[in-house]
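So the sequence lines, in the order shown, correspond to chains Y and X. For the first sequence, position 69 matches number 69 in the numbering used here, and the numbering has no gaps at all. For the second sequence, position 241 matches number 241 in the numbering used here, and the numbering has no gaps at all.
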Amino acid sequence: MGYANMLRGKEDSSMHRNGRPKVWKYAAKSALLCAVLALAFDFSRPAFAYLDPGTGSIMLQLLLGGVAGGLVVAKLYWHKLKEFFVRDASGEDLRAKDNTPGE
Amino acid sequence: MARTFERKITHRVSDVRADPGSFRDPRGRIYHAGEKVYRTVTEIGAEDYEFVRDSGLIECLQDDARIIASKTVEKAVLGDRAADARYVLEHPRLPFISHPYEWPYPALKAAALHHLDIHLAALAEGVTLSDASAYNIQFLGVQPVFIDLLSFRKYRDGEMWSGHRQFCEQFLNPLLLRAKLGIAHNAWYRGTQEGISAGDLRQILPWNKKLSRNVLLHVVAQAAFQKSAVPSGDSTLATEFRFPLQKYQRMLAKMRRWIESLEPADTGKTVWQEYTGIHNYSDEEFTAKKDYVARFSAAAKPKIIWDLGCNTGEFSQVALENGTELSCAFDYDQGALEAAFARAADERLMLQPLLLDAANPSPNQGWNEHERKGLKERANADAVLALAFVHHLAIGRNIPLADVVEWLVGLAPQGVIEFVPKADPKVQELLALREDIFPQYSEESFRRYLSSRASIIEVATVTESGRKLFWYRRNG
Numbered sequence: 001m002g003y004a005n006m007l008r009g010k011e012d013s014s015m016h017r018n019g020r021p022k023v024w025k026y027a028a029k030s031a032l033l034c035a036v037l038a039l040a041f042d043f044s045r046p047a048f049a050y051l052d053p054g055t056g057s058i059m060l061q062l063l064l065g066g067v068a069g070g071l072v073v074a075k076l077y078w079h080k081l082k083e084f085f086v087r088d089a090s091g092e093d094l095r096a097k098d099n100t101p102g103e
Numbered sequence: 001m002a003r004t005f006e007r008k009i010t011h012r013v014s015d016v017r018a019d020p021g022s023f024r025d026p027r028g029r030i031y032h033a034g035e036k037v038y039r040t041v042t043e044i045g046a047e048d049y050e051f052v053r054d055s056g057l058i059e060c061l062q063d064d065a066r067i068i069a070s071k072t073v074e075k076a077v078l079g080d081r082a083a084d085a086r087y088v089l090e091h092p093r094l095p096f097i098s099h100p101y102e103w104p105y106p107a108l109k110a111a112a113l114h115h116l117d118i119h120l121a122a123l124a125e126g127v128t129l130s131d132a133s134a135y136n137i138q139f140l141g142v143q144p145v146f147i148d149l150l151s152f153r154k155y156r157d158g159e160m161w162s163g164h165r166q167f168c169e170q171f172l173n174p175l176l177l178r179a180k181l182g183i184a185h186n187a188w189y190r191g192t193q194e195g196i197s198a199g200d201l202r203q204i205l206p207w208n209k210k211l212s213r214n215v216l217l218h219v220v221a222q223a224a225f226q227k228s229a230v231p232s233g234d235s236t237l238a239t240e241f242r243f244p245l246q247k248y249q250r251m252l253a254k255m256r257r258w259i260e261s262l263e264p265a266d267t268g269k270t271v272w273q274e275y276t277g278i279h280n281y282s283d284e285e286f287t288a289k290k291d292y293v294a295r296f297s298a299a300a301k302p303k304i305i306w307d308l309g310c311n312t313g314e315f316s317q318v319a320l321e322n323g324t325e326l327s328c329a330f331d332y333d334q335g336a337l338e339a340a341f342a343r344a345a346d347e348r349l350m351l352q353p354l355l356l357d358a359a360n361p362s363p364n365q366g367w368n369e370h371e372r373k374g375l376k377e378r379a380n381a382d383a384v385l386a387l388a389f390v391h392h393l394a395i396g397r398n399i400p401l402a403d404v405v406e407w408l409v410g411l412a413p414q415g416v417i418e419f420v421p422k423a424d425p426k427v428q429e430l431l432a433l434r435e436d437i438f439p440q441y442s443e444e445s446f447r448r449y450l451s452s453r454a455s456i457i458e459v460a461t462v463t464e465s466g467r468k469l470f471w472y473r474r475n476g
């Protein structure tokens, strides 16, 4: 079967085999941690209705999928990060404008 | 050909009925006909089924009983019911179908690890699992068996773990509830039936329990991502992303290592776990009780017994060593069930520990109130053991003695019930802080109730306090 081996030694050694420079690996890991921490402190707003219940899992797997996946998440959530730091002059939350109500 | 066909059909086609819990997957359905269990594979599921069958994975997993056995049979066994089927498979009937909310912690953990092992084995053969339902795992004793052949399908390059959310809800989060907070999963799970969502678990975990990479990722981040809206349309970006197989496998393997390391937070001994050591009758009395159970088991030779109030499974073990094939061992104490699980694993017993509050057994529930069967509908035991059990219901829970007897006798055609007299120190303990409102609780009434439903085969006094064992056979 070979899968038993995969659970043991093979898996750990494969972590260092993908040839990516270490600095990138740290950058990716830090980005992951930042994203997770940001989420932990909950800058997010409640989701639209009809959101697929698997969305959370998909986003998580994008993050775990490496730099490319992380960039997709960053792109998807860029406006949310921006809203978190930038508010317009009236103090009104930009999110209120962005949100188009669902049906 | 015609002869094979004749030999196989042992039921009338009109007796075929669809399993009410098997309707979610358009790729096939389970049917029952007499003692036989059939699975159809429809046109929609045929291509994947053929791929998986030809990969050799099924045979390999069946060889060491990690998934349920199956063989292809003639479509005619199902008559019209097979109209939409490309294939019909036959499975052996499992002795007892249990639900995850009836499993003690170690059973849920074993099921989770089993699911991941099967998934890893499948990926190595180019096959994946389309879901992660805990109901797809059943037990033979404490040995998990994967039962849903149609969950297997061809792995598509770059796809994600589509069952991840379900795995978290049905396996991981219920385990974390106990491992991080010391709360058993059963009551909550029975309520939702689909497990515990990351969002709910995140709400009740204190901040210090969130400070681990795994909890942050699978609970906190997953819940937060779920909660936060990604404008629809943008999310198609995610579908274009390729999740490398190596990362997929690593994710499963890491999940497996994490789950393997999880232990209940409340490791203190519970009342019943220690009970066999400190039971308040002497060793001779204990031996007398064991001898009686051994004699009963050897004479009755039940295929399946239900051991109600099994404690750590000691009497089940005696029965299993004396002619009983399998014991469904019920108790309401988590510690006792965990000890029983360990006993069954160590001694390789066909003993399945299951959680039961007899005053509130699992009901019929789910879609149309038929998806998951209640306890009574699954009552298929050949015999019941109810040792030191009746007083817990009749005095501990105020259930009239006559009703307790009727319920017990209704579960199986014969059995052994222990009657513990009111003067016994254990009953006195139950009555210590409350008024004795149980005038009907006497051996005389017990005998009367039992005799009205069953014939009493043999009675033996097993303790000095006057505890008696009644071997009965149900009338009619």
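Positions of the beta carbon are idealized from the N, C-alpha and C atoms, including for glycine.
Problem set entry | Bridge-paired residues (DSSP) for G415 of chain X | X:V384, X:Y472
For this session: Compare the C-beta of W161 of chain X with all C-beta atoms of chain Y and state if any pair is closer than 8 Å.
Result: yes
Exercise. Counting contacts by CB-CB distance shorter than 8 Å, is L172 of chain X in contact with chain Y?
Worked result: no
For this session: Could I get the ranges of all uninterrupted beta strand (DSSP E) runs contained in the region 13-42 of chain X, with 3 residues as the minimum, in chain order?
Result: 28-33, 36-42
For this session: Output the distance between the C-alpha atoms of R24 of chain X and I58 of chain Y, rounded to the nearest integer angstrom.
Result: 22 Å
Exercise. Considering only residues of the same chain and omitting the five flanking positions on each side of L375 of chain X, which have a CB-CB separation below 6 Å?
Worked result: P361, S362
Exercise. What separation, rounded to the nearest whole angstrom, lies between the Cα atoms of R12 of chain X and K36 of chain X?
Worked result: 12 Å
Exercise. Using a Cβ-Cβ distance under 8 Å, would M251 of chain X count as near chain Y?
Worked result: yes
Exercise. Are R39 of chain X and L149 of chain X touching if we call contact CB-CB under 8 Å?
Worked result: yes
For this session: Please list, in chain order, all residues of the same chain as W103 of chain X whose beta carbon is under 6 Å from its beta carbon, the five residues on each side excluded.
Result: none
Problem set entry | Range covered by the alpha helix (DSSP H) that runs through H119 of chain X | 105-124
For this session: Compute the distance between the beta-carbons of L393 of chain X and A358 of chain X, then report whether it is under 8 Å.
Result: yes
Problem set entry | Min CB distance K247 of chain X to chain Y below 8 Å | yes
For this session: Go ahead and pull the three-state DSSP assignment for C328 of chain X.
Result: strand
Exercise. Given L113 of chain X, which residues of its chain have a CB within under 7 Å of its CB, disregarding the five upstream and five downstream residues?
Worked result: R256, I259, E260
For this session: Verify the CB distance criterion: does A112 of chain X have a CB-CB separation below 8 Å to chain Y?
Result: no
Exercise. Which ranges would you report for the beta strand (DSSP E) in the region 408-467 of chain X if only whole runs of at least 3 residues count?
Worked result: 414-419, 454-461
Problem set entry | Test: R165 of chain X CB closer than 8 Å to a CB of chain Y | yes
For this session: Would you please verify whether the beta carbon of A47 of chain Y is less than 8 Å from any beta carbon of chain X?
Result: In this prediction, A47 of chain Y has a pLDDT of 48, which is less than 50 and means its spatial position is unreliable; nothing more can be read from the coordinates.
Problem set entry | Cβ shell of T42 of chain X (< 7 Å), same chain only, five flanking positions each side left out | P26, R27, G28, D84, A85, R86
For this session: May I ask you to list the residues that DSSP assigns as paired with L490 of chain X?
Result: There is no way to answer for residue 490 of chain X, as the model of chain X reaches only from 1 to 476.
Exercise. Short check: CB of S327 of chain X to CB of L320 of chain X, under 8 Å?
Worked result: yes
Exercise. Just to confirm, are G56 of chain Y and A132 of chain X a CB contact at a threshold of 8 Å?
Worked result: no
Problem set entry | Contact set for H32 of chain X: own chain, Cβ-Cβ below 7 Å, skip 5 residues either direction | R17, D19
Exercise. Cβ of R202 of chain X within 8 Å of Cβ of A223 of chain X?
Worked result: yes
For this session: Assuming L430 of chain X contacts G396 of chain X (C-beta within less than 8 Å), just tell me the rounded distance between them.
Result: 5 Å
For this session: To the nearest angstrom, report how far apart E371 of chain X and S151 of chain X are at their CA atoms.
Result: 18 Å
Exercise. DSSP on H11 of chain X, reduced to helix/strand/coil?
Worked result: coil
Exercise. Roughly how many angstroms lie between the CA atoms of D346 of chain X and K82 of chain Y, to the nearest whole one?
Worked result: 58 Å
For this session: Determine the closest residue to Q414 of chain X out of X:R153, X:A454, X:F438, with distance taken between C-alpha atoms.
Result: X:A454
Exercise. Considering only residues of the region 50-93 of chain X, which uninterrupted alpha helix (DSSP H) runs meet the minimum length of 4 residues and lie entirely inside it, listed in chain order?
Worked result: 57-63
Problem set entry | Close beta carbons around K301 of chain X, own chain, < 7 Å, minus the five adjacent residues each side | G323
Problem set entry | Straight-line gap, F167 of chain X to E314 of chain X (C-alpha atoms, nearest Å) | 34 Å
Problem set entry | Cut-off 6 Å between Cβ atoms - residues of its own chain near A386 of chain X, not counting five sequence neighbours on either side | L308, L408, I417
Exercise. Name the chain Y residues that come within less than 7 Å of S222 of chain X, Cβ to Cβ?
Worked result: The question names Ser, but residue 222 of chain X in the sequence shown is Gln. The answer, in chain order, is G56, S57, L60.
Exercise. Between the region 111-136 of chain X and chain Y, which residues of the former have a C-beta closer than 7 Å to a C-beta of the latter?
Worked result: L120, A121, A124
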